[in-house]
Amino acid sequence: MTQTERPLDVVILAAGQGTRMKSKLPKVLHRVAGRPMVAWAVRAAQALGARRIVVVTGHGAEQVEAALGQPGVSFARQDQQLGTGHAFLVGADALGESGDADILVLYGDTPLLRPETLRALLDDHRAHAAAFTILTGELPDATGYGRIIRGASGNVERIVEEKAATPQERAVREFNSGVYVMDSRAPALARRITNDNPAGEYYLTDLLALYRAEGALVRAFKLQDPDEVMGANDRAGLAEAEAILRRRINAGHLRAGVTMTDPQTVWIEDTVHLGRDVTLEPGVILRGETRIADGVTVGAYSVVTDSVLEEGAVVKAHSVLEGAQVGPGSDVGPFARLRPGTVLEGGVHIGNFVETKAARLGPGVKAGHLAYLGDVEVGAETNVGAGTIVANFDGVNKHRSTVGAGVFIGSNSTLIAPRVVGDAAFIAAGSAVHEDVPEGAMAVARGKQRNVEGWSRRYWGGMREKVAQKLPWLAGWLERQG
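Structure below.
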């Protein structure tokens with residue numbers, strides 16, 4: 001088997017507590033661009049075609065394992081955090097016999113590391129028949145990192161931790177990222193690592209000396225962008241990682257034919273899929289499993305989560321969609337809210353201050369303003385007047401209603417669920433409909449109007465002095481009434 005044909009096993013170290021996050025949530029489960037940090041490492045390993053992936057868990061193990069549970073990913077628990085060398089051995093034991101596989105070590109808190117970078121690292125390792133290859137970077141000030149010390153020939157001789165470095169070594173700009181590719185000897189060599197250091201921990205960096213002692217080739221592969229191995233150790237680091245990923249994601253969509261009028265203010269999670277000729281106005285937030293087809297426009301400051309927007313749909317400014325499906329050519333908003341279970345078929349109009357929940361609206365339905373449509377199915381071409389409410393909740397249970405096609409619902413009407421309104425029916429404005437409405441009928445359900453003559457003169461006449469101070473036109477009218 002050639003170098004390039006060797007299988008790859010991946011160990012992801014994700015056992016740390018992450019105290020600097022000051023959170024009950026395990027550090028590696030804090031989300032960046034829509035995914036837990038550790039999920040980015042898993043996806044990178046999968047992109048490399050890894051044969052086996054083992055995630056080493058510790059703090060919050062049950063939560064981490066539940067979040068990542070999927071085929072091809074297994075777990076090993078590090079019950080005591082005794083250092084990276086010990087964590088690697090826990091993962092290597094879970095891998096079992098590696099044969100001649102290469103082993104890649106990644107971390108659960110470095111979400112910025114690109115699969116392309118790891119592929120280049122792996123290719124370099126194999127092209128040079130190296131035994132141990134370190135992914136390194138270079139910074140003007142590498143404070144906080146272990147330094148890469150090279151010999152006169154340029155080969156890597158050792159890694160010096162900052163606390164143990166001399167002033168000359170601290171001036172070195174090349175740093176150790178902690179990401180390594182190793183040959184199949186790594187587990188056996190790692191068992192020889194000792195904890196003879198002030199922290200009493202087993203350091204994976206000690207593998208370098210063990211490989212060199214065997215005369216094996218140790219290499220360093222320097223990445224171009226040191227941000228890729230930036231760890232998110234606290235909330236500030238998390239925010240920085242989010243900003244970098246957001247720029248990457250937006251740049252990818254721009255290259256793919258999406259228009260963003262102000263990319264710096266648009267937030268798109270990595271799980272979102274966008275078609276071509278999509279237009280995103282300033283302040284748009286797209287989350288979760290959202291799917292947006294070609295030619296869709298999402299207006300300023302709208303938030304779309306786990307929703308499907310079909311071709312040519314328009315979402316106007318300040319609208320909020322969650323778990324909704326918007327059919328082709330439909331328009332929503334401004335200031336509309338579509339809650340989970342909403343399905344708008346083609347050409348539906350949802351105007352300002354309309355809220356829907358578990359509602360299916362047929363082709364051409366119009367609800368222009370100020371309506372609540374919950375737990376209802378509405379047939380094609382029905383018009384929903386302003387102020388219409390489907391009263392679906394009795395205090396304990398939700399009830400569904402059905403409104404047929406071609407229905408005209410007058411303004412300020414209430415449908416008291418469960419109701420059935422037949423096709424082509426009319427509901428008179430101001431009605432509180434508490435019985436089913438037959439097809440083609442008109443329902444009128446409102447109190448009889450009574451006009452009380454002379455009421456205004458008697459009412460306002462009892463407070464003429466205040467009316468004169470505050471309502472001059474009305475005061476004049478009262479004078480004219482005598």
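Residue numbers (the numbering used here): 1 to 482. All residues carry an ideal CB built from backbone N, CA and C; glycine is no exception.
Item to check | Beta-carbon contacts of A149 that lie in its chain and below 6 angstroms, excluding the five residues immediately before and after | outcome: Counting from 1 along the sequence shown, the entry for residue 149 is found at position 149. First, the residue type needs correcting, since residue 149 is Ile and not Ala in the sequence shown. Only E157, R158 and V160 meet the Cβ criterion.
Checklist entry - Exposed or buried, which one is V378 when buried takes at least 16 other CB atoms within 10 Å? => result On the sequence shown, position 378 is the one that residue 378 refers to. Counting Cβ neighbours within 10 Å, V378 comes out buried, since at least 16 surround it.
Checklist entry - In the DSSP assignment, what residue or residues form a beta bridge with M182? => result Numbered from 1 along the sequence shown, position 182 holds the residue referred to as residue 182. In the DSSP output, where bridge partners are listed per residue, M182 has I103 and F132.
Checklist entry - Do you know offhand how far T297's Cα is from Q81's? => result Here residue 297 corresponds to residue number 297 of the sequence shown, with the count starting at 1. Here residue 81 corresponds to residue number 81 of the sequence shown, with the count starting at 1. Those two C-alpha atoms are separated by around 50 angstroms.
Checklist entry - Who does N176 pair with in a DSSP beta bridge? => result Counted from its first residue, the sequence shown places residue 176 at position 176. BP columns for N176 point to T136.
Checklist entry - Taking C-alpha atoms, which residue in I389, T57 and V343 lies nearest to G18? => result Along the sequence shown, read from residue 1 onward, the residue named residue 18 stands at position 18. For the residues I389, T57 and V343, the minimum Cα distance to G18 belongs to T57.
Checklist entry - For V181 versus L122, is the C-beta spacing smaller than 8 angstroms? => result If you number the sequence shown from 1, residue 181 lands on position 181. If you number the sequence shown from 1, residue 122 lands on position 122. Their beta carbons are under 8 angstroms apart, which means V181 touches L122 by this criterion.
Item to check | Whole-angstrom distance between R119 and M1, CA atom to CA atom | outcome: For the purposes of this step, residue 1 is identified with residue 1 of the sequence shown, where counting begins at 1. For the purposes of this step, residue 119 is identified with residue 119 of the sequence shown, where counting begins at 1. Here M1 scores only 47 on pLDDT, less than 50, and its place in the model should not be relied on; the value that follows carries that caveat. Going by the C-alpha atoms only, they are around 19 angstroms apart.
Item to check | With 16 other Cβ atoms within 10 Å as the buried cut-off, status of T356 | outcome: Along the sequence shown, read from residue 1 onward, the residue named residue 356 stands at position 356. Per the 10 Å Cβ criterion, buried.
Next on the checklist: On the criterion of 16 or more Cβ atoms from any shown chain inside 10 Å, does M463 qualify as buried, or is it exposed?
Outcome noted: Counting from one through the sequence shown, the residue named residue 463 turns up at place 463. M463 comes out exposed.
Item to check | Touching by the beta-carbon criterion (3+ pairs, under 8 angstroms), the stretch 394 to 405 and the stretch 414 to 421 | outcome: yes
Checklist entry - By the 10 Å Cβ neighbour count, where 16 or more other Cβ atoms means buried, how is V444 classified, buried or exposed? => result Position 444 of the sequence shown, counted from the start, is the residue given in the question as residue 444. Its Cβ having fewer than 16 others within 10 Å, V444 is exposed.
Checklist entry - N451: buried (16+ other C-beta within 10 angstroms of its C-beta) or exposed? => result Here the question's residue 451 lines up with position 451 in the sequence shown. Using a 10 angstroms sphere on the CB of N451, the tally of other CB atoms stays under 16, which defines it as exposed.
Item to check | Nearest to T261 (by Cα), restricted to the options L238, V278 and R246 | outcome: If you number the sequence shown from 1, residue 261 lands on position 261. Looking at L238, V278 and R246, the one whose alpha-carbon comes closest to that of T261 is V278.
Item to check | Same chain, Cβ closer than 8 angstroms to L478, five either side skipped, listed in chain order | outcome: Within the sequence shown, numbered from 1, the residue matching residue 478 stands at position 478. The answer, listed in chain order, is R457, W460, G461, R464 and V467.
Checklist entry - For V90, which option in V343, R191 and K163 has the closest C-alpha, if you only look at C-alpha atoms? => result Sequence index remark: in the sequence shown, residue 90 carries index 90 (1-based). Of V343, R191 and K163, the residue nearest in Cα terms is R191.
Checklist entry - The alpha helix (DSSP H) spanning I244 covers which residue range? => result The residue you call residue 244 lines up with position 244 of the sequence shown. Residues R235 to R255.
Next on the checklist: For a test of the three-state rule: what should DSSP assign to D277, helix, strand or coil?
Outcome noted: Start at 1 with the first residue of the sequence shown, and residue 277 comes out as number 277. Coil, per DSSP.
Item to check | Which of helix, strand or coil DSSP assigns to E123 | outcome: In the sequence shown, residue 123 corresponds to position 123, counting from 1. Strictly speaking, residue 123 in this sequence is Asp, with Glu absent from that position. Three-state result, D123: helix.
Checklist entry - What do you reckon, are the CB atoms on T133 and E228 nearer than 8 angstroms? => result Reading the sequence shown from its first residue, position 133 is the one you call residue 133. Reading the sequence shown from its first residue, position 228 is the one you call residue 228. Cβ atoms of T133 and E228: not closer than 8 angstroms.
Next on the checklist: So, at 7 angstroms on beta carbons, what are the nonlocal neighbours of A165 in its own chain, with the 5 sequence-adjacent residues on each side left out?
Outcome noted: Reading the sequence shown from its first residue, position 165 is the one you call residue 165. Excluding residues within five positions, the ones whose Cβ falls inside 7 angstroms are R147.
Item to check | C-beta contact flag for V315 and L321 at 8 angstroms | outcome: The residue labelled residue 315 in the question sits at position 315 within the sequence shown. The residue labelled residue 321 in the question sits at position 321 within the sequence shown. Taking 8 angstroms as the Cβ cut-off, V315 and L321 qualify as a contacting pair.
Item to check | Minimum C-alpha distance to A66 - residue among L370, E169 and V28 | outcome: Here residue 66 is taken as the residue at index 66 of the sequence shown, counted from 1. In terms of Cα proximity to A66, the closest of L370, E169 and V28 is V28.
Checklist entry - By a C-beta neighbour count over all protein chains shown, 10 Å radius and 16 as the cutoff for buried, is M442 buried or exposed? => result The count along the sequence shown starts at 1 and reaches residue 442 at position 442. M442 should be labelled exposed.
Checklist entry - What is the residue span of the beta strand (DSSP E) that F221 lies within? => result Working through the sequence shown from its first residue, we reach residue 221 at position 221. Where F221 is concerned, the enclosing beta strand (DSSP E) stretches over V218 to K222.
Checklist entry - Just to confirm, are L112 and I244 a CB contact at a threshold of 8 angstroms? => result The residue labelled residue 112 in the question sits at position 112 within the sequence shown. The residue labelled residue 244 in the question sits at position 244 within the sequence shown. In this structure, I244 lies closer than 8 angstroms to L112 by Cβ.
Item to check | Assigned secondary structure, M1 (DSSP; H/G/I helix, E/B strand, else coil) | outcome: Along the sequence shown, one-based indexing puts residue 1 at 1. Below a pLDDT of 50, predicted positions are generally treated as unreliable, and M1, at 47, falls in that range; the measurement from the model is reported next regardless. Three-state result, M1: coil.
Checklist entry - Using DSSP with H/G/I as helix, E/B as strand and the rest coil, what is Y211? => result The count along the sequence shown starts at 1 and reaches residue 211 at position 211. Note: Y211 maps to helix in three-state DSSP.
Next on the checklist: By alpha-carbon positions, which one of R6, L204 and A94 ends up nearest to H125?
Outcome noted: Against the sequence shown, residue 125 aligns to sequence position 125. The shortest Cα separation from H125 among R6, L204 and A94 belongs to R6.
Item to check | Contained beta strand (DSSP E) runs [length at least 3] in the stretch 29 to 106, N- to C-terminal order | outcome: 52 to 57 and 73 to 77
Item to check | Sequence-distant residues of the same chain with beta carbon closer than 8 angstroms to A475, five excluded per side | outcome: Taking the first residue of the sequence shown as position 1, residue 475 is located at position 475. If we look at A475 and ignore the five residues flanking it on each side, its Cβ neighbours are R464, V467 and A468.
Checklist entry - Does the count of Cβ pairs from the stretch 381 to 394 and the stretch 406 to 415 closer than 8 angstroms reach three? => result yes
Item to check | Three-state secondary structure (DSSP) of L474 | outcome: Numbered from its first residue, the sequence shown carries residue 474 at position 474. Note: L474 maps to helix in three-state DSSP.
Checklist entry - Out of curiosity, what's the CA-to-CA distance linking V10 and A76? => result For this step, residue 10 is matched to residue 10 along the sequence shown. For this step, residue 76 is matched to residue 76 along the sequence shown. C-alpha separation (whole angstroms): 12 angstroms.
Checklist entry - How close, in whole Å, do the beta carbons of R35 and D270 come, if the pair is a contact with beta carbons under 8 angstroms? => result The residue labelled residue 35 in the question sits at position 35 within the sequence shown. The residue labelled residue 270 in the question sits at position 270 within the sequence shown. The pair is a contact, with the Cβ atoms about 6 angstroms apart (cut-off 8 angstroms).
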